[in-house]
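Engineer: Can you keep this structure in mind? I'll have questions shortly.
Protein chains in written order, with the UniProt record's numbering: chain A, 1 to 348; chain B, 1 to 507; chain C, 1 to 356; chain D, 1 to 364.
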């Protein structure tokens, strides 16, 4: 029981000097199995599905999951603190509608886009204030703002679609990196994922988020500004949802109030699939990225294999349930076995 | 155990019951008979296994080995419902109430009186609750929700709940901790009448006067093992203490002589509406000051407000002369204040996180370099402090929940000592930890005070208060009732001030 | 062209945000450059053979929409006739974004012909153009996209024909005067708006002077919403004499509401509906007549148009002609439009001749 | 989500005096009722036709489905769970009912209706089992089954649509006819509300649902069969969603695989607006039902007032926020009042701030 050398798990393989240190912050549990599942499904799809393993298809895949990925990043942090934000898709829609409206009004996109991001941050701030200052449960708050923001989107733009954006933007949004089939947005996502990953796993702030999610009381007793941290996360989520809104609008070249309706459930599903506990305190950003890509890969592969969309829906749901049920049952079985083993064998 | 088994099998007996939680062995082969018509006391230090024993009787825990017998027949309680059906009623240390439901419903949950078609008879529900409260001599509206009841009232509702079951075996786990003298006397009258009607009562308390006043036999537990069971008449308090502690008291509390230095913590006129009023005191460098009082007197609330976890309405808190802003634990920490909270599992630790993460939770900023918090720095800091405090842990990356209570408490202490505090506030520092670790914690506190820290200690254990403190502050109902220097602090004087029977030196 | 690194726009925006600089003359609406689709440079060869095994994929607005199920069945019939391979794919929710995903998949699978009904005229544009660059022929039906993004649009009926028919049916029913309202789908549905505009123009004619169009309501092609909107119309306009609903969902919901209310037979309802959905309302007198093209024919024609494109018989230029199986010869009109024909009017007399 | 307190700064105790508490609870439901009355009165002032017999019938009919679903949802939410799959369950059950008529044209109506309810109960059983046996958070389970049930529905329907003509006239009439001017489905909904409300208030197992939501750990220690009760709540909720599916089939006559799409959040919203605490333990089905009527009435009122229908959703969102905000405000105010009152007078006991059992509870 008293090991003289209290050492870390043997997980990180020897590599460049700073890698293990960074990786050490990433607990290796659920997320490794998600990454494994991703790897397996990519391999299986490459072997079994015609047209999957091409650069062009990879590009399509990335564009398909781009918006979900962008929002899943801050959502991971929010859920790690034990809160949730269901208003993200509506924030995306409202951003898109405002973008369209301002464009109709003749503003320059270079001005509109920052305004939209600011708007997203403000919408997030509203969620955050309701949760932290008014102390309302985030689930209820964001169900409310989900309806409110989507409603405002319709108020702003009605049922119209604004579509006459310059090609340099709409085409640019889906453009690939020179000489590769990879859309440049992949780089943006990777960069932001790295930023959020470092923030969550390798900074004091990130550390405090896990503490908040596991036990907000203990976190407060440790001097962590619980409410302020949550507030910032909601702001960041709003801003990222707005960024996704701008991207979405340009990707499809169409600003509409109903853009991305229902996307919040996809985002939450991807985050949970990635191993984040809905009760907070547990989760890792790489797992979430794997979760996003896993959902995208399965969708893409099944579509290419001409599997009808209803099957896709079922698979998405089953995946989500199985990803939580199986580890749960395994853990309980392990616990059960451990208890039965340890019980009779206690030293006198 | 000398006395022979009575001819009638006892309504409830434990036979060689053992129970472990992970590496912690909470009970090691304990046997206990609760006879009809007796009040049986169970005493032991915190962490001796009393609560585990109670939960085994209640059907919450199943013994790893050994068995529970009802009327001489072995039974297996699959859950609390089974135990209840067997006639066991338990009053837990922590009231288990449903805050959203009415008091009456709380008492009769699952056993509400029924009318035709198995409908709940509200009128009878209310009347029976009234009758119970009359019997206990308390006035609580049966229709009010449990949310917002004071601790004492919650305790009374729990007692009423147990009474309502007409139990053959009634277990009371520290029922008097929050009660006033009158209420205690009434409770005893009820317990005696139950006994006289043939029930077996198991009574757990830290207050020896109560134990001797009420109980027929006394069982002592220590470190999860059975020490003795004797008729109360054959025992005295000193013997009991010796058996509970397993050594002389003197060993527990290190002797120290330090000259108090400058005032490091100064609290003036601290009030929070409905919680505490006009609290003022100071703690000097090198001094250990105890804050004593009954459960619910507001002690923890005061130190929480001082540290900034709770807000307060008026008053000031100064650390080394500098005034702290309200409600900002981070600022308090920066000023050199540390608080080891009362509830280790809920407030002191993040149970799901590793030892390493917990030990460095207070050092997040200090350990960051260029904004990045690297695992290596974290590990080094964690190792340093866990080694200094001799934390027994499998690996630093193990979840802190796998440690024993004592080692968990050391992790909490490590986490706070790592911040290099000037004022250390400890709230119930030895609750629920074994005797050995307890002594270690006491030595550590003495040592820290010797090195010039100001220590403010909230404790409900009188021996600890008397053994450790240079001065004792006693709180009663949200006010400071007395300030007693070491010489004047005795069990009696502290208790008297804590129960409000006599004002001491007003603070 | 699409793949070229035109990412200056978004990247620039991010930079602008980072530097927190407001910008002066940037990309505004006025300075927006026009996006161009792939140029159609090929020359039509009316006598070209339709190749064997042509892969034709139908991508409706959504699966599980009975209207499209019928239309796609028509497409399958046509594809069988010219010996191609038919398949039907689509999202379960009628959103442009999931349609884009399917278009990408189809182009990845190198399908020869994509026949689609767009959920958003612009959102699917980029993906369709990419598919065309990859060699697919794109036919839209029912709901067109921006003409830049497809080769041919098979129009169910000329907009003017629909507008004229619906206004005439209503006028006959209400005796040439009274208040009427339109219950549409969504305000940005291209075809709906075109029809509404033409209906408004039609109503300006002398013969309809007594008819006043009081409002346009939108039921979002959602049954319950359309139902509620119908209620709302009758509440707000107690003197309403007639409702025109040029959408199958809307007209069925409105009919169901009317048939169960005190307004049955009082308020004239007509619109575009399918015989199967409307049969009981025609029988119970709620609806006297309504119109629609035959969606099976629409799908059938769209498939043939796709085949003609793939074979090179047409390129989408006005004036080109092609054979469309049992429907005979069709001519491509302006903007690459092919019109199916005038709508069929259904009444109690002929409704039992149709089953779709 | 945060089943735990938002922050420990003030371990808020919704302490109330008995009368204050009862009043507050009454006030909450009265408040929704009042809002509804104001809305109806205001709309009627502008357009008296809003109160015509036909219009009231339409209102009741419109609220029926949401009402039935909100009642079921209340059962689940009260136990500190949630069921997001109800929209999909409704769709599945509606299509099942319709297909039965298509497959067995002569089928007696009660049999088909019962089958629809059973389909719903089966879905509820799946949810409940996953929640209680596999111990997966209800939010995750039902988010998953939201997809699964809808997918099954799509797969089954396979692009088909069931039309009014496929179902017996008498069945469709159930959706339209009524007794004394009140539509039959509305009567069914009212019966469901009354029966469920009565059950929750008057039966032991009903009260135990509140106990479970109020403090699951204490409920276990009190010997309440928590898992069995929660399972039952899910099954009943499923059955009610099934019933809503049957009513949907009767009322709309046209069935495809998209019936009830996206309804789940409206249902939760109706319950929340009606004063059901999202983290369990309190709220009544009457409140939830009034919440449902209020939400649907807003839709109709805006249509009647010719308010830009685009405002509807925004108004609903605002209403939800106001509703939970009011809950919070009422609770905080009575807590403060009691804290001060306790300190000043009475038996002089300090407030319950040290109550450990309380601290973990949500302050929702």
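Beta carbons: idealized from backbone N, C-alpha and C, even for Gly. Computed from a predicted structure; not experimentally measured.
1) Give the residues of chain F in contact with residue 118(B), contact being defined as C-beta atoms less than 8 Å apart.
2) In whole angstroms, what separates the C-alpha of residue 164(D) from that of residue 260(C)?
3) According to DSSP, is residue 180(D) helix, strand or coil?
4) At which residue ranges does the region 173 to 200 of chain C contain complete beta strand (DSSP E) runs of 3 or more residues, listed in the order of the chain?
5) When the Cα atoms are used, what is the spatial distance from residue 243(C) to residue 291(C)?
6) Could you tell me the distance, in whole angstroms, from the CA atom of residue 58(D) to the CA atom of residue 107(A)?
7) Answer with yes or no whether the minimum CB distance from residue 333(A) to chain C is below 8 Å.
8) Can you tell which of 176(D), 175(D) and 132(D) has its C-alpha closest to the C-alpha of residue 329(A)?
9) What are the complete beta strand (DSSP E) segments, minimum 3 residues, inside the region 300 to 356 of chain C?
10) Check whether the Cβ of residue 18(B) lies closer than 7 Å to any heavy atom of the ligand HEM, and answer yes or no.
11) Taking the Cβ atom as the reference point for each residue, do residue 278(A) and residue 183(A) lie within a distance shorter than 8 Å?
12) Taking 8 Å as the limit between beta carbons, can you name the residues of its chain near residue 77(D), skipping five residues before and five after?
13) Short check: CB of residue 462(B) to CB of residue 455(B), under 8 Å?
14) In the region 56 to 74 of chain A, which residues sit with their C-beta less than 7 Å from some C-beta in chain C, listed in chain order?
15) Does the region 244 to 259 of chain C come within contact of the region 141 to 150 of chain C, defined as at least 3 CB pairs closer than 8 Å?
16) Starting from the Cα of residue 194(D), find the closest Cα among 67(D), 248(D), 244(D) and 28(D) and give me that residue.
17) What are the partner residues of residue 271(B), as DSSP defines its beta bridges?
18) Report the rounded CA-to-CA distance for residue 329(C) versus residue 129(C), giving the unit in angstroms.
19) I'd like to check one pair, residue 55(A) with residue 225(A): are the Cβ atoms closer than 8 Å?
20) Starting from residue 304(A), find everything on chain C with Cβ-Cβ shorter than 8 Å and list it in chain order.
21) Below 7 Å between beta carbons is the criterion; list the residues of the region 221 to 232 of chain C that meet it against any residue of chain D, in chain order.
22) Does the beta carbon of residue 336(A) sit closer than 8 Å to a beta carbon anywhere in chain B?
23) I believe residue 62(C) touches residue 93(C) by the beta-carbon criterion, under 8 Å. Please report the beta-carbon distance rounded to the nearest angstrom.
24) Below 8 Å on the Cβ atoms is my contact criterion, and I expect residue 230(D) with residue 166(D) to pass it. Report the Cβ-Cβ distance as a whole number of Å.
25) Got a sec? Which residues, its chain only, sit under 6 Å from residue 9(B) by beta carbon, not counting five neighbours each side?
26) So if I threshold CB-CB distances at 9 Å, which residues from the region 221 to 240 of chain D count as touching chain B?
27) Three-state secondary structure (DSSP) at residue 358(B)?
28) Would the region 185 to 202 of chain D count as touching the region 85 to 98 of chain D if we require 3 or more Cβ pairs under 8 Å?
29) Within 10 Å of its beta-carbon, does residue 117(B) have 16 or more other beta-carbons around it, so buried, or fewer, so exposed?
30) Are residue 233(A) and residue 114(A) close, meaning C-beta to C-beta below 8 Å?
31) Kindly say whether residue 79(B), judged by its beta-carbon, lies nearer than 8 Å to any beta-carbon of chain D.
32) At 9 Å on the CB atoms, spell out the chain D contacts of residue 188(B), in chain order.
33) Would you list, in chain order, the members of the region 140 to 172 of chain C that have their beta-carbon closer than 8 Å to a beta-carbon of chain A?
34) Tell me the rounded alpha-carbon separation between residue 313(D) and residue 48(C).
35) If we count the other Cβ atoms within 10 Å of its Cβ and call it buried at 16 or more, is residue 371(B) buried or exposed?
36) Just to confirm, is the Cβ distance from residue 334(C) to residue 318(C) under 8 Å?
Structural biologist: Working from what's here:
1) Annotation note: the requested chain F is absent from the structure, which comprises protein chains A, B, C and D.
2) 13 Å
3) Three-state result, residue 180(D): coil.
4) 178 to 184
5) 14 Å
6) The alpha-carbon atoms of residue 58(D) and residue 107(A) are separated by roughly 45 Å.
7) no
8) 132(D)
9) Within the region 300 to 356 of chain C, the complete beta strand (DSSP E) segments at least 3 residues long are 321 to 323, 329 to 331, 337 to 339 and 344 to 347, listed from N- to C-terminus.
10) No copy of the ligand HEM appears in this structure; indeed no ligand is present at all.
11) Not a contact, by the Cβ cut-off of 8 Å.
12) For residue 77(D), where only same-chain residues beyond five positions count, the Cβ hits under 8 Å are 213, 268, 271, 276, 277, 278, 280 and 283.
13) Here residue 462(B) is not near residue 455(B), since their CB atoms are 8 Å or more apart.
14) 56, 57, 60 and 64
15) no
16) 67(D)
17) DSSP lists 314(B) as the beta-bridge partner residues of residue 271(B).
18) 28 Å
19) no
20) Ordered by position in chain C, the residues that pass the 8 Å Cβ test against residue 304(A) are 105, 108 and 109.
21) 223, 228, 229, 231 and 232
22) no
23) 6 Å
24) 38 Å between Cβ atoms; not a contact.
25) 71 and 72
26) 221, 222, 223, 224 and 225
27) helix
28) The region 185 to 202 of chain D is not in contact with the region 85 to 98 of chain D.
29) exposed
30) It is not a contact, given that the beta carbons lie outside the stated cut-off.
31) yes
32) None at all; the shortest Cβ gap to chain D is about 20 Å.
33) 146
34) 55 Å
35) It counts as exposed.
36) yes
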